[in-house]
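Asks: So that we are looking at the same thing, I have put the structure below in structure tokens.
In this note's numbering, the protein residues as written are 18 to 87.
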């Protein structure tokens, strides 16, 4: 599960990130800081969360726990 940089850029455009960051509430933030944070969270997600995805794909899915053997 890799996040495409183009998808992030579309989201930034849709949210008008540059407009938001120009507000006084965000004095020391810029697009570069947000890019670094997004990249870091993607790395953490890939390293920590993605490993659990394959395990959950292999585990039996059950919506009614009274009927399954778990």
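For glycine and all other residues, C-beta sits at the position ideal for the given N, C-alpha and C.
Residue 65 lies in the alpha helix (DSSP H); which residues open and close that run?
Replies: No alpha helix (DSSP H) holds residue 65; DSSP gives it neither H nor E.
Asks: Write down the C-beta distance between residue 48 and residue 33 rounded to the nearest angstrom, noting that I regard them as a contact closer than 8 Å.
Replies: Between residue 33 and residue 48 the Cβ distance is about 11 Å, and since that is not below 8 Å, they are no contact.
Asks: Could you tell me how far apart the beta carbons of residue 27 and residue 55 are, in whole angstroms, since I believe they sit closer than 8 Å?
Replies: About 13 Å; that fails the 8 Å criterion.
Asks: Could you pull the start and end residues of the alpha helix (DSSP H) that residue 29 belongs to?
Replies: Taken as a continuous stretch (DSSP letters only), the alpha helix (DSSP H) holding residue 29 covers 22-32.
Asks: What is the rounded straight-line gap between the Cα of residue 69 and the Cα of residue 62?
Replies: Cα to Cα, the separation comes out at about 10 Å.
Asks: What number of angstroms, rounded off, separates the C-alpha of residue 65 from the C-alpha of residue 23?
Replies: Their backbone Cα atoms lie some 23 Å apart in a straight line.
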